[in-house]
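Asker:
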Amino acid sequence: MQLPTFSGAYVDWPGFADQFHCTIHENVRHVTLQALQEEVHKFWTIEEGPSRRRWSPEEQACETHYVTHITREATGRYKVRLPFKNERAKLGDTYQLALKRFLSLEHSLQQRPTLKTQYHEFLREYETLGHMSELTNDSRDGCYLPHHPVLKSDSVTKVRVIFDASARSSAENSLNELLMVGPTIQDDLGSLLLRFRTYKYVLAADIVKMYRQINMHPNDRPYQKILWREDINEPIRTYRLNTVTYGTTSALYTN
Numbered sequence: 001m002q003l004p005t006f007s008g009a010y011v012d013w014p015g016f017a018d019q020f021h022c023t024i025h026e027n028v029r030h031v032t033l034q035a036l037q038e039e040v041h042k043f044w045t046i047e048e049g050p051s052r053r054r055w056s057p058e059e060q061a062c063e064t065h066y067v068t069h070i071t072r073e074a075t076g077r078y079k080v081r082l083p084f085k086n087e088r089a090k091l092g093d094t095y096q097l098a099l100k101r102f103l104s105l106e107h108s109l110q111q112r113p114t115l116k117t118q119y120h121e122f123l124r125e126y127e128t129l130g131h132m133s134e135l136t137n138d139s140r141d142g143c144y145l146p147h148h149p150v151l152k153s154d155s156v157t158k159v160r161v162i163f164d165a166s167a168r169s170s171a172e173n174s175l176n177e178l179l180m181v182g183p184t185i186q187d188d189l190g191s192l193l194l195r196f197r198t199y200k201y202v203l204a205a206d207i208v209k210m211y212r213q214i215n216m217h218p219n220d221r222p223y224q225k226i227l228w229r230e231d232i233n234e235p236i237r238t239y240r241l242n243t244v245t246y247g248t249t250s251a252l253y254t255n
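If you use the UniProt record's numbering, the sequence shown corresponds to residues 1 to 255, in order.
1. Report the three-state DSSP secondary structure of Arg-195 (helix, strand or coil).
2. Would you mind sorting Ala-165 into buried or exposed? The rule is 16 or more other CB atoms within 10 Å of its CB.
3. Leu-192 to Gln-186, Cα distance in whole Å?
4. State the DSSP-derived secondary structure class of Val-40, mapped to helix, strand or coil.
5. Determine the burial state of Met-216: buried for a count of at least 16 other Cβ atoms within 10 Å of its Cβ, exposed for fewer.
6. Rounded to whole angstroms, what's the CA-CA distance from Thr-245 to Gln-60? Just pull it up for me.
7. Arg-229 by DSSP, collapsed to three states: which one?
8. Looking only at its own chain, which residues have a Cβ that is under 6 Å from the Cβ of Asn-176, when we skip the five neighbours before and after it?
9. Does the structure place the segment 220 to 237 close enough to the segment 143 to 154 that three or more beta carbon pairs sit under 8 Å?
10. For Thr-243, write down the residues that DSSP places opposite it in a beta bridge.
11. Report the rounded CA-to-CA distance for Gly-76 versus Ala-204, giving the unit in angstroms.
12. To test your reading of the DSSP string, which unbroken alpha helix (DSSP H) runs of 4 or more residues are found completely within the segment 102 to 159?
13. Let me make sure I understand the geometry here. Which of Leu-115, Phe-163 and Thr-68 has the alpha-carbon closest to that of Thr-157?
14. Please report the distance separating the alpha-carbon of Leu-179 from that of Ala-35.
15. So, helix, strand or coil for Tyr-95, using DSSP?
16. According to DSSP, is Tyr-78 part of a helix, a strand, or is it coil?
17. Do you know how far the Cα of Arg-168 is from the Cα of Glu-234?
18. Using the DSSP secondary-structure output, state which residues sit across from Arg-72 in a beta bridge.
19. So what's Thr-64 in DSSP terms, helix, strand or just coil?
20. For the alpha helix (DSSP H) containing Ala-251, name the first residue and the last one.
21. Tell me the rounded alpha-carbon separation between Val-161 and Ser-56.
22. Kindly list the residues whose CB is nearer than 8 Å to the CB of Ile-214, restricted to its own chain and excluding five residues on each side of it in sequence; keep chain order.
23. Is the segment 96 to 115 touching the segment 146 to 154, taking contact as three or more C-beta pairs under 8 Å?
24. Out of curiosity, what's the CA-to-CA distance linking Val-31 and Asp-188?
25. Identify the residues that DSSP records as bridge partners of Leu-178: which are they?
26. Let me check one thing: in DSSP terms, what residues is Arg-237 bridge-paired to?
27. Thinking Gly-247 and Ala-171 are a contact (beta carbons under 8 Å), I'd like their distance in whole angstroms, please.
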């Protein structure tokens, strides 16, 4: 069957031409997502490098105290002072709490002979190195620090003695509350990781007895006293710590 053809003639086919005459509608909308903008801003803020923070008045005061009082002894060791907030007179009695906690510790060590031996070896070495010394005439002034063991099986030193400078006195305050903390002077973790990945080889080291490499001024050593005895049948003795003591809030800065 042959279909009809059109050639050069205008044919008015009702309904056919109307399909090519349509109206175009253009719609434009502007949408702003405030929450998304804030999230993007936070993202770029986090990705920015660390900026140097301004020190607080107390941090600046601690820095001034440190620079003013640090000295170097003839042996080459540095000597520092505790950065008090001029409130040392407000510290209450610390002897009774230190005694109570020592007797509790002593009872606990009696049940664990191995730990007891390691604990005594640690403090015996402390005394042998001159990092603490016995007080024959104790006036009970200053501050007594309770102490306890911390076990770390993967360390060369399996047992470490930690001194608690946050223990409350009879005045409901502690030695740490009377000390200025000082600003953070160590690099942040991000900077350390960037430097770690900068070079082909990395050297990692550890300072042996880091805190104890810095001596404490004799006038401040009465605020670092402890109670100790090796034999339960002996009288309890008072010792003073002669170096910077880990457990004090200012130790990291003064070291």
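Every residue gets a Cβ at the ideal spot worked out from N, C-alpha and C, and that includes glycine.
Note that the structure is predicted; figures quoted are calculated from it, not measured.
Answerer: Checking against the coordinates, here is how it stands:
1. helix
2. buried
3. 10 Å
4. Judged by DSSP in its simplified three-state form, Val-40 adopts helix.
5. Buried is the call here.
6. Rounded to whole angstroms, Thr-245 and Gln-60 show a C-alpha spacing of 22 Å.
7. coil
8. Ala-165, Ser-166 and Thr-249
9. yes
10. As a beta-bridge residue in DSSP terms, Thr-243 pairs with Asn-215.
11. Rounded to whole angstroms, Gly-76 to Ala-204 spans 25 Å at the Cα level.
12. 113 to 128
13. Leu-115
14. 43 Å
15. helix
16. strand
17. Spanning the two alpha carbons is a distance of roughly 27 Å.
18. Paired residue(s): Tyr-78.
19. helix
20. 251 to 254
21. Rounded to the nearest angstrom, the two C-alpha atoms are 32 Å apart.
22. Once the five neighbours on either side are set aside, the close Cβ partners of Ile-214 are Arg-77, Tyr-78, Lys-79, Val-80, Thr-243, Val-244, Thr-254 and Asn-255.
23. Enough Cβ pairs lie closer than 8 Å, so yes.
24. 40 Å
25. Answer is none; Leu-178 lacks a bridge partner.
26. BP columns for Arg-237 point to Trp-228.
27. Not a contact, Cβ separation roughly 19 Å.
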